[in-house]
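First residue of the sequence shown: 14, per my numbering; consecutive thereafter. Please read the structure below before turning to the comments.
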Amino acid sequence: MLRFAMSVMSVRLSDEIEQKRVQLAQLTGRTKSWLAKQATQDYLALEAWQIG
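What follows is the structure, given as structure tokens:
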């Protein structure tokens, strides 16, 4: 089995953002962790593209 090194990130979210994250996780069947990871990947890709 392959294992990949991973880091842990801690962030503070407003109650409103956390509530939206919980709701989206429930509606999509994804975990809150998966959503946070995907959002971070999407943001980094967008920023990298804009920087060039």
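Think of the CB as a built atom: it goes at the ideal place given N, C-alpha and C, for glycine as much as any other residue.
C-alpha of residue 36 to C-alpha of residue 16: approximately 30 Å in a straight line. Leaving aside the five residues that flank residue 50 on each side, none in its chain has a CB nearer than 6 Å to its CB. Distance from the CA of residue 40 to the CA of residue 56, rounded to the nearest whole angstrom, comes to 22 Å. For residue 34, the enclosing alpha helix (DSSP H) stretches over residues 28 to 41.
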